[in-house]
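Engineer: Let me begin by handing over the structure; questions about it come next.
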Amino acid sequence: MSNYLMVQKEIKTNPYIGIPRSAGRPSLKKERKWLNELINEIKKGDAAVCVAEVNGHVVGMCDITLAGKSPEAKHVGSLGILVRKGYRSMGVGTQLIEGSLKKARKRFKVVKLDVFGFNKRAQKLYKRFGFKVYGVLPGAFLRGKKLKIDNIMMYLKFD
Ligand SMILES: CC(C)(COP(=O)(O)OP(=O)(O)OC[C@H]1O[C@@H](n2cnc3c(N)ncnc32)[C@H](O)[C@@H]1OP(=O)(O)O)[C@@H](O)C(=O)NCCC(=O)NCCS
Numbered sequence: 005m006s007n008y009l010m011v012q013k014e015i016k017t018n019p020y021i022g023i024p025r026s027a028g029r030p031s032l033k034k035e036r037k038w039l040n041e042l043i044n045e046i047k048k049g050d051a052a053v054c055v056a057e058v059n060g061h062v063v064g065m066c067d068i069t070l071a072g073k074s075p076e077a078k079h080v081g082s083l084g085i086l087v088r089k090g091y092r093s094m095g096v097g098t099q100l101i102e103g104s105l106k107k108a109r110k111r112f113k114v115v116k117l118d119v120f121g122f123n124k125r126a127q128k129l130y131k132r133f134g135f136k137v138y139g140v141l142p143g144a145f146l147r148g149k150k151l152k153i154d155n156i157m158m159y160l161k162f163d
């Protein structure tokens, strides 16, 4: 099972997992399309990606991809990160961000990201790398009947 699907499954038992839930399970065809597009972006030099591997299996990934399609925003990258359950709190996320930012420095001037308000651990991790909060959208996501999730927007500007 892909790391993404694994986390989507994890949300059922832990509603505090910090990525937005997708509408239904993405098909293998859709996952292949996403992966092919990402590989093309990497080949074009428009994506900075690092993966963590254990025994040939990917257990974590950090990707910094073009944040928007506008030719006037080609200097802005958008960061996403995921570490598979069982491999967290071992420094994997730290290594992934460090590696991706190193690559991203050569391509982007600004990197932005979105993080759930209650995901203090991830926010702490991003702050350690110099990310700053530039906005909050209260109740940006609704998970289940009661859980309102704020969206914290952060950015890092390269010197
Ligand atoms: C958020 C996430 C990416 C962090 O990845 P991680 O691999 O757990 O992060 P790290 O292990 O590098 O850092 C986390 C902690 O380990 C500590 N750590 C770092 N290097 C370490 C090492 N070599 N040995 C032990 N601990 C270490 C860090 O100090 C940090 O401490 P903290 O718990 O006090 O914050 C991961 O938990 C995850 O995928 N969560 C689910 C999805 C998610 O929330 N994604 C982010 C969406 S915005």
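According to my numbering, the sequence shown holds residues 5 to 163 in order.
Glycine residues also receive a C-beta, built at the ideal position from the N, C-alpha and C atoms.
Since the model is a prediction, treat every value here as computed from it, not as a measurement.
For SER6, verify whether its CB is less than 8 Å away from any heavy atom of ligand 1.
Structural biologist: Looking up residue 6 in the sequence shown gives position 2. False, no ligand heavy atom lies under 8 Å from that Cβ.
Engineer: Return helix, strand or coil for GLY81, following the three-state DSSP convention.
Structural biologist: Counting from 1 along the sequence shown, the entry for residue 81 is found at position 77. GLY81: strand per DSSP, three-state reduction.
Engineer: Straight-line CA distance for LEU146 to PRO19?
Structural biologist: Locating residue 146 in the sequence shown gives position 142, counting from the first residue. Locating residue 19 in the sequence shown gives position 15, counting from the first residue. Rounded to the nearest angstrom, the two C-alpha atoms are 11 Å apart.
Engineer: Hey, is LYS33 close to ligand 1, as in C-beta under 8 Å from one of its heavy atoms?
Structural biologist: Within the sequence shown, residue 33 is the residue found at index 29, counting from 1. LYS33: no, Cβ never under 8 Å from ligand 1.
Engineer: Please work out which residues of its chain come closer than 8 Å, Cβ to Cβ, to MET10, disregarding the five sequence neighbours upstream and downstream, and give them in chain order.
Structural biologist: Against the sequence shown, residue 10 aligns to sequence position 6. So the list reads ARG88 and LYS89, once near-sequence residues are dropped.
Engineer: What residue range does the alpha helix (DSSP H) around LYS107 cover?
Structural biologist: Position 103 of the sequence shown holds residue 107. Where LYS107 is concerned, the enclosing alpha helix (DSSP H) stretches over 96 to 108.
Engineer: CB of PHE135 to nearest heavy atom of ligand 1: below 8 Å?
Structural biologist: Taking the first residue of the sequence shown as 1, we reach residue 135 at position 131. Flag unset: Cβ of PHE135 not near ligand 1.
Engineer: Measuring only the C-alpha atoms, how far is ASN7 from VAL53?
Structural biologist: Your numbering for residue 7 matches position 3 in the sequence shown. Your numbering for residue 53 matches position 49 in the sequence shown. Our two residues, ASN7 and VAL53, have alpha carbons roughly 15 Å apart in a direct line.
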